[in-house]
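Asks: Input: one structure, supplied below.
Right under this line is the structure:
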């Protein structure tokens with residue numbers, strides 16, 4: 034996983050509640066077990082709309098996505114996080130998330146950041162004209178216009194994202210200590 038300290042850029046504004054995993058990536062694209070190339074299918078149903086931000090060159094390569102409540106609800110589908118990561122999204126800012134989506138996002142290096150509705154609305158309004166910065170080190174989201182919003186994130190997930198490590202990589206860092214503990218326990222039981 035790539036360390037996530039600070040991401041700055043445009044943000045895809047999606048002022049919608051209940052964006053489910055079927056909307057993030059349609060079921061017909063779930064037959065693959067590889068992550069590469071799924072970004073082109075992200076939000077496929079929205080791309081057919083004339084005002085789609087996903088086909089607007091102004092938002093091309095945006096590393097941030099903005100949404101409202103219950104982002105990532107629906108099926109437990111890690112492909113949704115894969116599609117967002119392949120699209121280049123490093124952070125999703127919403128008022129709330131499905132627990133499973135938030136977990137899948139974390140495991141794929143995407144910060145799922147919950148802010149209150151007023152803050153998210155302000156970011157959505159700023160999105161067309163201003164870059165947004167997500168700074169996990171400073172625990173802030175800020176706009177080029179000078180608005181600041183504190184990030185309240187699970188400390189473990191924040192630390193893993195900052196280090197670019199998932200739970201497995203973090204556990205492997207302690208492999209020697211775990212092995213020593215197991216050896217000591219075996220000797221104590223003998």
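In the numbering used here, the protein residues as written are 34 to 223. Cβ atoms here follow ideal geometry from the backbone N, Cα and C, with glycine treated the same way. It should be emphasised that the depicted structure is a prediction, and the values quoted were computed from it without experimental measurement.
#1: Could you say which of 172, 194, 197, 196 lies nearest to residue 185 if we only look at CA atoms?
#2: Which of helix, strand or coil does DSSP assign to residue 37?
#3: For the beta strand (DSSP E) containing residue 165, list its first residue and its last residue.
#4: Please classify residue 112 as buried or exposed, where buried requires at least 16 neighbouring CB atoms within 10 angstroms.
#5: Taking 9 Å as the cut-off, decide whether the C-beta atoms of residue 90 and residue 123 are in contact.
#6: Could you spell out where the alpha helix (DSSP H) holding residue 188 opens and where it closes?
#7: To the nearest angstrom, how far is it from the Cα of residue 135 to the Cα of residue 211?
#8: Cα-Cα, which of 132, 120, 94, 83 is closest to residue 53?
#9: Inspect the beta-carbon positions of residue 168 and residue 38 and report whether they are closer than 9 Å.
#10: Please list, in chain order, all residues of the same chain as residue 199 whose beta carbon is under 7 Å from its beta carbon, the five residues on each side excluded.
#11: Taking all protein chains shown into account, decide if residue 151 is buried (16 or more other Cβ within 10 angstroms of its Cβ) or exposed.
#12: Which residues bound the alpha helix (DSSP H) around residue 153?
#13: Using CA atoms only, rank isn't needed, just tell me which of 127, 108, 93, 103 is closest to residue 119.
#14: In whole angstroms, give me the CA-to-CA distance for residue 189 and residue 163.
#15: Just how far apart, CA to CA, sit residue 181 and residue 156?
#16: Can you tell me which of 158, 175, 161 puts its alpha carbon nearest to the alpha carbon of residue 146?
#17: By the DSSP assignment, the alpha helix (DSSP H) with residue 236 in it spans what residues?
Replies: Quick answer:
#1: For the purposes of this step, residue 185 is taken as the residue at position 152 of the chain shown. Comparing Cα positions, the closest option is 172.
#2: The sequence position of residue 37 within the chain shown is 4, counting from 1. Coil.
#3: Working through the chain shown from its first residue, we reach residue 165 at position 132. Run containing residue 165: 165-168, per the beta strand (DSSP E) assignment.
#4: One-based indexing of the chain shown puts residue 112 at position 79. Buried, because 16 or more other Cβ atoms sit within 10 Å of the Cβ of residue 112.
#5: On the chain shown, position 57 is the one that residue 90 refers to. On the chain shown, position 90 is the one that residue 123 refers to. Contact flag unset, no.
#6: Residue mapping note: residue 188 aligns to position 155 of the chain shown, counting from 1. Per DSSP, residue 188 belongs to the alpha helix (DSSP H) from 188-196.
#7: Within the chain shown, numbered from 1, the residue matching residue 135 stands at position 102. Within the chain shown, numbered from 1, the residue matching residue 211 stands at position 178. Cα-Cα distance, rounded: 28 Å.
#8: Position 20 of the chain shown, counted from the start, is the residue given in the question as residue 53. Nearest C-alpha to residue 53: 132.
#9: As a first step, residue 168 must be located in the chain shown, where it is residue number 135. As a first step, residue 38 must be located in the chain shown, where it is residue number 5. Result yes, Cβ atoms of residue 168 and residue 38 sit closer than 9 Å.
#10: Along the chain shown, one-based indexing puts residue 199 at 166. Closer than 7 Å at the Cβ level, and outside the excluded window around residue 199, lie 34, 140, 193.
#11: The count along the chain shown starts at 1 and reaches residue 151 at position 118. That one is exposed.
#12: Here residue 153 corresponds to residue number 120 of the chain shown, with the count starting at 1. Residue 153 -> alpha helix (DSSP H) spans 150-159.
#13: Indexing the chain shown from 1 puts residue 119 at position 86. Per the Cα distances, 93.
#14: The sequence position of residue 189 within the chain shown is 156, counting from 1. The sequence position of residue 163 within the chain shown is 130, counting from 1. In a straight line, the C-alpha of residue 189 is about 30 Å away from that of residue 163.
#15: In the chain shown, residue 181 corresponds to position 148, counting from 1. In the chain shown, residue 156 corresponds to position 123, counting from 1. Spanning the two alpha carbons is a distance of roughly 10 Å.
#16: As a working mapping, residue 146 is identified with position 113 in the chain shown. With distances taken between Cα atoms, residue 146 lies closest to 175.
#17: With the chain running from 34 to 223 in the structure shown, residue 236 is simply not present.
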